[in-house]
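I have placed the structure first, in the form of structure tokens, so that the comments after it can refer back to it.
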Amino acid sequence: MSADILIKIDNLKKTFQGGLEALKGVNLEIQRGEILALLGPNGAGKTTLINAICGIVLPTSGTISVDGYDVVKDFRKTRSMIGLVPQELHLEAFEKVFQNVSYTRGLYGKKKDPAYIEKILKDLSLWDKKDSKLRELSGGMKKRALIAKALSHEPKILFLDEPTAGVDINLRRDMWRAVKELKENGVTIILTTHYIEEAEAISDRVSVINNGEIIITDNKNDLMRKMGQKNLTIEFQEPFSQIPSTLESYNLKMNNNNSLTYSYDSHGSSTGITALLQDIKSAGLKLKDLNSSQTSLETIFEKLLEESV
Ligand SMILES: Nc1ncnc2c1ncn2[C@@H]1O[C@H](COP(=O)(O)OP(=O)(O)O)[C@@H](O)[C@H]1O
Ligand SMILES: [Mg+2]
Numbered sequence: 000m001s002a003d004i005l006i007k008i009d010n011l012k013k014t015f016q017g018g019l020e021a022l023k024g025v026n027l028e029i030q031r032g033e034i035l036a037l038l039g040p041n042g043a044g045k046t047t048l049i050n051a052i053c054g055i056v057l058p059t060s061g062t063i064s065v066d067g068y069d070v071v072k073d074f075r076k077t078r079s080m081i082g083l084v085p086q087e088l089h090l091e092a093f094e095k096v097f098q099n100v101s102y103t104r105g106l107y108g109k110k111k112d113p114a115y116i117e118k119i120l121k122d123l124s125l126w127d128k129k130d131s132k133l134r135e136l137s138g139g140m141k142k143r144a145l146i147a148k149a150l151s152h153e154p155k156i157l158f159l160d161e162p163t164a165g166v167d168i169n170l171r172r173d174m175w176r177a178v179k180e181l182k183e184n185g186v187t188i189i190l191t192t193h194y195i196e197e198a199e200a201i202s203d204r205v206s207v208i209n210n211g212e213i214i215i216t217d218n219k220n221d222l223m224r225k226m227g228q229k230n231l232t233i234e235f236q237e238p239f240s241q242i243p244s245t246l247e248s249y250n251l252k253m254n255n256n257n258s259l260t261y262s263y264d265s266h267g268s269s270t271g272i273t274a275l276l277q278d279i280k281s282a283g284l285k286l287k288d289l290n291s292s293q294t295s296l297e298t299i300f301e302k303l304l305e306e307s308v
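This is the structure:
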């Protein structure tokens, strides 16, 4: 890969006091200017990984460099390049939006720049709230205020730890738009999520992390093709003892004597559902109910793990 690597993580391990291995040898290269999604279930190690890059969690072993600087040895240098929107909301409730964002910029030793603060507040649709107290903001606005704070010192890299957890779908879309605009302004963005849909909507590349290990890193479209399996559960009016031979060519699993699950690729050109339903009819089986669901993240992990062995 000849791309311009901005962050390089080599064999990163983190064992917390008490012995929990949160990261078990992570290798990852993040390209300048991309949006990378770290996708994984709760407890996978996403926050630990982000915090290690930001210099908040000290690695047990391994190295991380940001633009050629080591995050432990050159902490001040690397931290100044990074903005972090943490997973937990903790805001200074009684401060006003503009003041607070401006103040945060000062913490990084940057000169006051009201025009820049105005720009980020406008970009994040928070300008009309500039004189509101932080505690008066809605949940989604608080998230955006956290992003404004993280951007206050003009970082080149922005980390967003579960930016849309608990945020409603409209605000989620606003957030995605704001993130894409930041990318257009040259900011490299790393976000964590446990929503497949979010990784799909927003990122250029996706790293799937589970149990302290990165299972796969791939560009989004290729990965989504691998992960785009959906299940259609088909319930029948009458029980039967086995899958009729005319349906053998389909990827079917019997759940019990009156229900089958059909797995199909939701990103493929044809799902095969129409043909399957016709063949079911020809086999003389009568439908009771149909139910489609996205493959769970857990199932996808199992599948990816099987493939990577
Ligand atoms: N400070 C800590 N001390 C001990 N264990 C921790 C600490 N922080 C996180 N962990 C554990 O490390 C694992 C990974 O946590 P985390 O990185 O927060 O996962 P994620 O962000 O993917 O949900 C979890 O099992 C968690 O309980
Ligand atoms: Mg987390």
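Throughout the sequence shown, residue numbering follows numbering that gives the first Met the number 0, covering 0 to 308 in sequence. Quick reminder that beta carbons are idealized off the backbone N, C-alpha and C, glycines included.
Hey, would you say the C-beta of residue i is under 7 Å away from at least one heavy atom of ligand 1?
i	result
Ala-21	yes
Phe-15	yes
Thr-46	yes
Gly-39	yes
Gly-165	no
Classify residue i: buried if its beta carbon has 16 or more other beta carbons within 10 angstroms, exposed otherwise.
i	result
Glu-180	exposed
Ala-92	exposed
Ile-168	exposed
Met-174	buried
Ser-64	buried
Pro-58	buried
Asp-160	buried
Met-0	Because Met-0 carries a pLDDT of 46, less than 50, the predicted location of this residue cannot be relied on, and no value is offered for it.
Ser-151	buried
Glu-199	buried
Thr-273	exposed
Glu-135	exposed
According to DSSP, simplified to helix, strand and coil, what is residue i?
i	result
Thr-59	coil
Asn-230	strand
Glu-199	helix
Lys-349	Nothing about residue 349 can be read from this structure; the chain reaches only from 0 to 308.
Lys-95	strand
Val-186	coil
Asp-217	strand
Would you say the beta carbon of residue i comes nearer than 7 Å to a heavy atom of ligand 4?
i	result
Gly-185	Here the bound small molecules are ligand 1 and ligand 2; ligand 4 is not part of this structure.
Please determine whether the Cβ atom of residue i lies at a distance below 7 Å from any heavy atom of ligand 2.
i	result
Glu-161	yes
- Query: Could you give the uninterrupted runs of the beta strand (DSSP E) lying entirely in the stretch 0 to 25, keeping only those of 3 residues or more?
  - Reply: Taking only runs of at least 3 residues, the beta strand (DSSP E) segments lying wholly in the stretch 0 to 25 are 4 to 14.
- Item | Contained alpha helix (DSSP H) runs [length at least 4] in the stretch 124 to 176, N- to C-terminal order | Look at the stretch 124 to 176 and you find these whole runs of alpha helix (DSSP H), each 4 residues long or longer: 138 to 150.
- Taking one C-beta from the stretch 217 to 225 and one from the stretch 278 to 289 each time, how about it: are there three or more such pairs within less than 8 Å? no
- Any chance the stretch 35 to 44 sits against the stretch 88 to 104, with 3 or more Cβ pairs inside 8 Å? no
- Item | In chain order, each beta strand (DSSP E) run of at least 3 residues that lies wholly inside the stretch 234 to 287 | 251 to 255, 258 to 264
- Message: Using a Cβ distance threshold of 8 Å, determine whether the stretch 281 to 293 contacts the stretch 229 to 237, with at least three qualifying pairs required.
- Response: yes
- Message: Which complete beta strand (DSSP E) runs does the stretch 29 to 91 hold, if anything under 3 residues is left out?
- Response: 34 to 38, 60 to 65, 81 to 84
- Query: So does the stretch 40 to 53 actually touch the stretch 108 to 128, counting three or more Cβ pairs closer than 8 Å?
  - Reply: no
- Evaluate the contact criterion for the stretch 199 to 212 versus the stretch 15 to 35: three or more CB pairs, one atom per stretch, below 8 Å. yes
- Query: Touching or not, the stretch 11 to 28 and the stretch 184 to 199, by the rule of three or more beta carbon pairs under 8 Å?
  - Reply: The stretch 11 to 28, when compared against the stretch 184 to 199, does not touch it at the 8 Å Cβ threshold.
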